[in-house]
Every structure is written in C-alpha cells, then in structure tokens.
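S.K.: Have a look at the structure that comes next, please.
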Amino acid sequence: MNADVIADSMARRKGEGRPSPETQWQAALAAEEMRWALVSQRVSFATETVMSDLDRWPRFILEAKSQGYRIVLFFITTRDPSINVGRVAERVLAGGHAVDQNKIVNRFHKVMQQVLPVVLNLVDEALLFDNSEIKTGAVAVLAKSDGRLTPLVLENLLPDWAAKLLKLH
C-alpha cells in the first residue's frame, strides 16, 4: 500500500496532471483507512511510508500485533537529508510530485531520532538499508531478529545512523 500510488490514481480520475496537495492528502487518508481495514480483517499486506508520525506508527504496530500480525520492517534511508532533497528534485524533473525541502529535512531528523528507535523496538524483524550511494544502491546494514539488532557489514563500515541505532539496542 502506497499513498503516492493511490494519489496518482486519484489524480488521473480527476484529470490532474500531478496530484494536487488536496489529492495527496485524500490519498494519505485512504491509505490509512485501508491499513486499518486490512488489520481488522486480518489480511496480510505491505505498506510504504516515510514513517514520520510518532503517534500513528507505534499505535498501528501495537494494534496489528494484538490482532496476531507479525511485523517485519524494511527500512531504507540515507546518511544525510540533503541526499533525499536532491532525489526529490530529480523526481520532480521526471514528472513526480514535489515535497518542500524543509519538510524533507525535518521528517528525516524526526524519523531517525524519534520514530525509528521506537518502531524498531516494536517490530518482530527488521532489515535496515543505507541508500546513500547511487552506484551501490541500497545496502543492507542492520538486521533485527529474535530481539537482537545485528550488523550486516563490518561495524567500522556502518553509516553513522546505523552505528547509533546499534548502540541503542
């Protein structure tokens, strides 16, 4: 489930070239509603999110777990929000939707400092990737299973964000 895909579909039905901010908001609400409906129906699914809401995601994960879900997190990030800003700019040039630079930077820091450490404690398994380098693509750097966070690369090669998480867990 991806609110951006839902927004694109809604925009096409409305005749919008790119999803308007209102359409993007409607798509986010639709994705949220679908996630809760799927949990209540106990249907397996995957969802994509920037995961920047500290209230929403822990609450959602705890409810899903109470319904018998096993939660697996695939988390992809970069070492610096400026990389994300540049990639969004490239996406816009290719016809994708824009996101305010300040929002990108603020979300990055909020996720890395507040949301990810909490969510990582709640999920059953996780695979965390660093996607900072275009030439290598996303590289798996940490894994969580059996309650333990384990480096997948030599610890001296871990990106700073991954090394910090490893120290917390």
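Residues -15 to 153 (my numbering) are what the sequence shown spells out, left to right.
Note that the Cβ used here is the ideal one computed from N, Cα and C, for glycine as well.
Predicted, not measured: the structure shown is a model, and the values here were computed from it.
(1) Please work out which residues of its chain come closer than 8 Å, Cβ to Cβ, to residue 212, disregarding the five sequence neighbours upstream and downstream, and give them in chain order.
(2) Which of the three DSSP states, helix, strand or coil, is assigned to residue 119?
(3) In whole angstroms, give me the CA-to-CA distance for residue 56 and residue 107.
(4) By the DSSP assignment, the beta strand (DSSP E) with residue 61 in it spans what residues?
(5) Out of 65, 79, 26 and 10, which has the shortest C-alpha to C-alpha gap to residue 2?
(6) Mark residue 68 as exposed unless 16 or more other C-beta atoms lie within 10 angstroms of its C-beta, in which case mark it buried.
(7) Pairs of beta-carbons, one from the stretch 27 to 36 and one from the stretch 91 to 99, closer than 8 Å: are there three or more?
(8) How would you label residue 9, buried or exposed, when you count the other beta carbons within 10 angstroms and need 16 or more for buried?
(9) Out of 74, 134, 130 and 138, which one is the CA nearest neighbour of residue 118?
(10) Here's the rule I'm using: 16 or more other beta-carbon atoms within 10 Å means buried, otherwise exposed. How should residue 120 be labelled?
(11) Take residue 40 and list the residues in its own chain whose beta-carbon comes closer than 7 Å to its own, dropping the five residues that flank it on each side.
(12) Which runs of the alpha helix (DSSP H) fall wholly inside the stretch -4 to 55 and span at least 4 residues, in chain order?
(13) Distance, Cα to Cα, residue 114 vs residue 59?
(14) Any beta carbon of chain D sitting closer than 9 Å to that of residue 90?
M.R.: This is what the structure gives:
(1) This structure gives no information on residue 212, because the portion of the chain shown stretches from -15 to 153.
(2) It is coil, neither helix nor strand.
(3) The alpha-carbon of residue 56 is positioned some 6 Å away from that of residue 107.
(4) Boundaries of the beta strand (DSSP E) around residue 61: 56 to 61.
(5) It is 79.
(6) So residue 68 ends up on the buried side.
(7) Pairwise C-beta distances place the stretch 27 to 36 in contact with the stretch 91 to 99, as three or more of them are shorter than 8 Å.
(8) It is exposed - the Cβ of residue 9 has fewer than 16 other Cβ atoms within 10 Å.
(9) For residue 118, the closest C-alpha among the options 74, 134, 130 and 138 is that of 74.
(10) Exposed, because fewer than 16 other Cβ atoms sit within 10 Å of the Cβ of residue 120.
(11) The answer is none, since no qualifying residue turns up.
(12) Taking 4 residues as the shortest admissible run, the stretch -4 to 55 contains the following complete alpha helix (DSSP H) segments, listed from N- to C-terminal end: 5 to 25 and 40 to 50.
(13) Distance between the alpha carbons of residue 114 and residue 59: 9 Å.
(14) This model lacks chain D altogether, as it is built from one protein chain only.
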